[in-house]
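Participant: Protein chains in written order, with our numbering: chain A, 1 to 148; chain B, 1001 to 1148. Think of the CB as a built atom: it goes at the ideal place given N, C-alpha and C, for glycine as much as any other residue. Quick caveat, the model's predicted, so the values are computed rather than measured.
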DNA sequence: CTCCGTGCAAAAGGTTTGCACTGGT
DNA sequence: ACCAGTGCAAACCTTTTGCACGGAG
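1. I want to see whether chain B comes within less than 8 Å of residue 123/A, judged by CB atoms only; does it?
2. Only counting the same chain, and skipping five residues up and downstream in sequence, which positions put a Cβ closer than 6 Å to that of residue 1108/B?
3. Taking residue 138/A as the query, report the chain B residues whose CB atoms sit under 8 Å from its CB, ordered along the chain.
4. Would you kindly report the start and end of the unbroken alpha helix (DSSP H) that includes residue 1025/B?
5. In chain B, what lies closer than 9 Å to residue 46/A by C-beta?
6. Quick check on residue 89/A: does DSSP put it in helix, strand or coil?
7. Hey, would you say residue 132/A sits closer than 8 Å to residue 1134/B, going by beta carbons?
8. Please list, in chain order, the chain B residues whose beta carbon lies closer than 7 Å to that of residue 134/A.
9. In three-state terms, what does DSSP make of residue 103/A?
10. What are the residues that DSSP puts in a beta bridge with residue 1038/B?
11. If you follow the beta strand (DSSP E) that residue 1136/B is part of, which residue opens it and which one closes it?
12. Taking residue 1089/B and residue 1073/B to be in contact with their CB atoms under 8 Å, please state how far apart those CB atoms are, rounded to whole angstroms.
13. Under a CB-based cut-off of 8 Å, is residue 1065/B close to chain A?
14. Check whether the region 1025-1032 of chain B touches the region 1049-1065 of chain B, taking contact to mean three or more Cβ pairs, one atom from each stretch, closer than 8 Å.
15. Can you name the residues of chain A whose CB is closer than 8 Å to the CB of residue 1098/B?
16. Closer than 9 Å between beta carbons: that is the criterion. Which residues of the region 8-40 of chain A meet it against chain B?
17. Label residue 19/A either buried or exposed according to how many other C-beta atoms from any shown protein chain fall within 10 Å of its C-beta, with 16 as the threshold for buried.
18. Which value, in whole angstroms, describes the spacing of the CA atoms of residue 67/A and residue 1017/B?
19. Closer than 9 Å by beta-carbon distance: list the chain B residues that pair up with residue 116/A, in chain order.
20. For residue 1016/B, report the span of its beta strand (DSSP E) as first-last.
21. Start and end of the alpha helix (DSSP H) containing residue 1060/B?
22. Does the separation of the CB atoms of residue 42/A and residue 51/A fall below 8 Å?
23. Of all the CB atoms in chain B, is at least one closer than 8 Å to the CB of residue 143/A?
24. In or out: residue 1137/B buried (at least 16 other Cβ within 10 Å) or exposed?
25. Using DSSP bridges, identify the partner residues of residue 1108/B.
26. Look up residue 1158/B in the DSSP assignment and say whether it is helix, strand or coil.
27. What does a CB cutoff of less than 6 Å around residue 1098/B pick up in its chain, not counting 5 residues either side in sequence?
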């Protein structure tokens, strides 16, 4: 995400915190920023690695708790993907994922045509709010390895 | 899955094992059957709970290893969903999921129209083989609770 | 008979919890 | 000043690994 967009999201975040009376701590700001700035989908531990250099004495526990808060606020998404650890995504707009079934790598896909899907409003009482398409296959690197 | 379908899948499984020279053990048969018979998407531990009553002295380790084998054989799918533990799905045909973002419950959706999506054959060297759509929203039970 | 699969125990992550202290409002 | 947020350590849960034994091919 480019620097301008990151700044904008951070501003919105501050406003949101004030609205809800949520204390705006250094940890929350920096952790959110780290998620926004990472292009891949970092695990809690990867976020910790980045932020711990900026905040002395930062605890892993805090990273987990803050990430949870961000998810609840709706400014970050929890990602469910093949690796053991849960991943996080600063993008909350509609987008999709290519998942390599061999190396578990995940890359974003934005396809205008893919976003036009008409999700059923309801299915047996279930209220559908949004959707994500997971394309499963084999990435370029793994294809080369397999062919060799 | 109905009993007839379960039997059919088990037969295919036996054949597949013989073809590949994979020893067909009681554990593999029973664990596969348990996954097929469960309508939700059980975690390894839930599978263990079901099968341990049928096989005395069954080890959790074995459940994990057998599930892994089944995934590699392609007869079971690994599910990546909000709960901490990995889930498994005996269905390997194209189908989609409704995920409740409040209680993390997952239900299957089969929509003929949803299966007609033309996935891009390739995206930057990535070979797309199949896809799954995850609809995110709120389930009926959670909607009632929220409204109350 | 030969291996591969299994069971057990222990280790290795990832994530959560209890409690005292600090810092934002 | 008050209360929520944080740090630390320990607990907890899921998953993996090493090794010896037993059963399938």
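Facilitator: Once the coordinates are examined:
1. The count along the first chain starts at 1 and reaches residue 123/A at position 123. By this cut-off, residue 123/A is an interface position.
2. In the second chain, counting from the first residue as 1, residue 1108/B sits at position 108. If we look at residue 1108/B and ignore the five residues flanking it on each side, its Cβ neighbours are 1095.
3. Taking the first chain and counting its residues from 1, one reaches residue 138/A at position 138. Within 8 Å Cβ-Cβ: 1126, 1127 and 1129.
4. Within the second chain, numbered from 1, the residue matching residue 1025/B stands at position 25. Residue 1025/B -> no alpha helix (DSSP H), and no H or E assigned at all.
5. Numbered from 1 along the first chain, position 46 holds the residue referred to as residue 46/A. Ordered by position in chain B, no residue passes the 9 Å Cβ test against residue 46/A, which lies about 18 Å from the chain.
6. Looking up residue 89/A in the first chain gives position 89. Residue 89/A falls in the strand class under three-state DSSP.
7. As a working note, residue 132/A is residue 132 in the first chain. As a working note, residue 1134/B is residue 134 in the second chain. Their beta carbons are under 8 Å apart, which means residue 132/A touches residue 1134/B by this criterion.
8. The sequence position of residue 134/A within the first chain is 134, counting from 1. Per Cβ cutoff of 7 Å: 1131, 1132 and 1134.
9. In the first chain, the residue the question calls residue 103/A occupies position 103. Here residue 103/A sits in coil by DSSP.
10. If you number the second chain from 1, residue 1038/B lands on position 38. Residue 1038/B pairs with nothing; no bridge assigned.
11. Sequence index remark: in the second chain, residue 1136/B carries index 136 (1-based). That run of the beta strand (DSSP E) goes 1126-1138.
12. By one-based count along the second chain, residue 1089/B stands at place 89. By one-based count along the second chain, residue 1073/B stands at place 73. With a Cβ gap of about 14 Å, residue 1089/B and residue 1073/B do not count as contacting.
13. Locating residue 1065/B in the second chain gives position 65, counting from the first residue. Taking Cβ atoms only, chain A never reaches closer than 8 Å to residue 1065/B, which makes this a no.
14. yes
15. The residue given as residue 1098/B occupies position 98 in the second chain. Those are 123, 126 and 128, listed as they occur along chain A.
16. none
17. Residue numbering aside, residue 19/A sits at position 19 when the first chain is read from its first letter. Label assigned to residue 19/A: exposed.
18. Taking the first chain and counting its residues from 1, one reaches residue 67/A at position 67. Taking the second chain and counting its residues from 1, one reaches residue 1017/B at position 17. Cα to Cα, residue 67/A sits roughly 44 Å from residue 1017/B.
19. As a working mapping, residue 116/A is identified with position 116 in the first chain. Those do not exist, as residue 116/A stays about 11 Å from chain B at its closest Cβ, beyond 9 Å.
20. Numbered from 1 along the second chain, position 16 holds the residue referred to as residue 1016/B. Taken as a continuous stretch (DSSP letters only), residue 1016/B belongs to no beta strand (DSSP E), being part of the alpha helix (DSSP H) at 1003-1020.
21. Translated into positions along the second chain, residue 1060/B becomes position 60. Looking at the DSSP string, the run of the alpha helix (DSSP H) that includes residue 1060/B is 1060-1073.
22. For the purposes of this step, residue 42/A is taken as residue 42 along the first chain, with counting starting at 1. For the purposes of this step, residue 51/A is taken as residue 51 along the first chain, with counting starting at 1. Not in contact: residue 42/A and residue 51/A (Cβ atoms no closer than 8 Å).
23. Translated into the one-based positions of the first chain, residue 143/A becomes position 143. Chain B, which has a Cβ nearer than 8 Å to the Cβ of residue 143/A, makes this yes.
24. Against the second chain, residue 1137/B aligns to sequence position 137. The residue in question, residue 1137/B, is buried, as its Cβ has 16 or more Cβ neighbours within 10 Å.
25. Counted from its first residue, the second chain places residue 1108/B at position 108. The partner list for residue 1108/B (beta bridge, DSSP) reads 1097/B.
26. Given a span of 1001 to 1148 for chain B in the structure shown, any question on residue 1158/B remains unanswerable.
27. Walking along the second chain from the start, residue 1098/B turns up at place 98. Counting only Cβ-Cβ distances below 6 Å, and skipping sequence neighbours, we find 1107, 1109 and 1135.
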